[in-house]
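Per my numbering, the sequence shown starts with residue 138, numbered consecutively.
Ideal placement from N, C-alpha and C gives every residue a C-beta, glycine not left out.
Take a look at the structure below.
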Amino acid sequence: MPHNKISLFRYYAAWDSFQLVCRKTLHSNKINTPGEHSHDDFYELVIVAAGQGRHRTENSEWIIQPGNVFLIKPRQQHCYTEYDNMIIYNLLFSPSFITRVLPDLHLLPGFQLLFNLSTSQAARSDSDNLRIDADIFPEVIRLLDELDKLNTDLPSGGQTLLISNFAKVMYLIANHAQYVSSSNTLNSLEQISCLLSELQKNYSAEWTLGKMARLCCMSVSSFRQKFTRLIGTSPVDYLLKLRLAQACGKLERSQDSLEVIAFACGFNDVNYFSRQFKKHYKILPSHYRRVFRTGQDITWQTHQQ
């Protein structure tokens with residue numbers, strides 16, 4: 138099926154440096170509903186406010202209705218079908234925005250459900266969608282309405298209010314979004330989301346497959362299989378990439394030596410740390426720090442989700 142790649146920031150960005158947009162949209166006909174498309178350079182967080190429809194990606198299709206929340210990742214093909222006066226809010230932001238502005242959201246299991254778990258693979262029926270708690274939903278909608286108005290008419294000082302409301306929305310969703318299904322697959326998904334949150338808090342600790350599996354109340358073999366299917370990479374590789382990402386931040390912000398940074402991020406050998414950093418980012422950590430601080434453009438390949 139032919140598709141178009143849409144760069145909504147070209148038209149909607151209130152301020153290019155942050156690339157944060159909120160738009161309230163009605164899907165009632167083909168005129169106000171785009172066909173299959175993808176977004177090259179930003180995440181799209183969707184909250185369904187009213188009506189219903191179906192959301193389709195390359196691998197799945199399911200009913201969406203008020204309270205549902207889901208994430209469209211960069212370059213992921215998707216579209217809406219069979220919509221009936223469906224009102225949704227689209228929160229659009231660059232991948233770097235969420236890590237730079239709201240880094241501690243990674244510590245919440247609900248955030249992991251949205252950003253790091255292949256939830257579309259876990260869902261097996263239309264009732265398996267991620268849903269915002271009914272008690273919290275009206276407050277989320279109120280904040281989204283304010284965000285939508287701010288994007289239409291941003292007053293002086295409005296950027297601060299925009300970030301503030303966005304942070305509140307993300308915090309509420311990360312704390313109050315959950316699956317309503319009781320299927321074993323989704324139970325495993327929530328257990329693994331709690332593990333991801335724990336890894337984020339204690340990435341430098343000594344982690345073994347057995348320790349991770351016990352935290353998820355699974356056998357090692359079952360845990361390894363489910364983790365790899367839901368995350369898209371093995372537990373060992375996930376932890377390695379997490380530690381390397383933390384090392385990047387320390388290289389950018391601190392004056393600590395490579396040895397200190399390596400140990401602080403869970404690496405017991407600085408040479409092993411340097412080899413893994415070079416393998417993952419295609420640049421040595423010492424070179425990364427030097428280039429970052431001189432303001433040069435850095436181009437590397439990552440294997441993060």
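In or out: residue i buried (at least 16 other Cβ within 10 Å) or exposed?
i	result
N339	exposed
R380	buried
K363	buried
R426	buried
N408	exposed
N266	buried
E195	exposed
V277	buried
P422	buried
G294	exposed
E389	exposed
N403	Per the sequence presented here, residue 403 reads as Gly, with Asn not at that position. Classification of G403: buried, given that the 10 Å Cβ count is 16 or more.
I168	exposed
V306	buried
Q413	buried
H424	exposed
In angstroms with no decimal places, state the Cα-to-Cα distance between residue i and residue j.
i	j	result
N302	L309	11 Å
E219	L239	35 Å
H164	A350	43 Å
Q214	N253	18 Å
N288	Y226	12 Å
K161	S325	33 Å
E396	D406	8 Å
M223	D285	17 Å
C353	R361	11 Å
L250	A271	18 Å
Q337	F400	16 Å
I300	H192	28 Å
L346	Q392	33 Å
T297	L157	12 Å
I368	K378	13 Å
S411	T431	21 Å
T209	F429	Reading off the sequence shown, one finds Ile at residue 209, where the question assumed Thr. Rounded to the nearest angstrom, the two C-alpha atoms are 30 Å apart.
Do residue j and residue i count as a contact pair if the criterion is CB distance below 8 Å?
i	j	result
G247	A304	no
D221	G172	no
L229	F179	yes
A342	I269	no
H176	P211	yes
I235	L244	no
K387	I398	yes
Tell me the DSSP bridge mates of residue i?
i	result
D270	Paired residues: none, contrary to the question.
E198	R193
I168	Paired residue(s): none; I168 is not in a bridge.
M223	H164
V185	I225
C216	R193
A314	I269
For the ligand SAH, any of its heavy atoms closer than 7 Å to the Cβ of residue i?
i	result
I201	This structure lacks the ligand SAH; in fact it carries no ligand of any kind.
State whether the region 201 to 211 contacts the region 172 to 192, with contact taken as three or more CB pairs (one from each stretch) at a distance under 8 Å. yes
Take every Cβ of the region 324 to 334, pair it with every Cβ of the region 367 to 374, and state whether three or more of those distances are shorter than 8 Å. yes
The region 276 to 287 / the region 348 to 357 touching (three or more Cβ pairs under 8 Å): no
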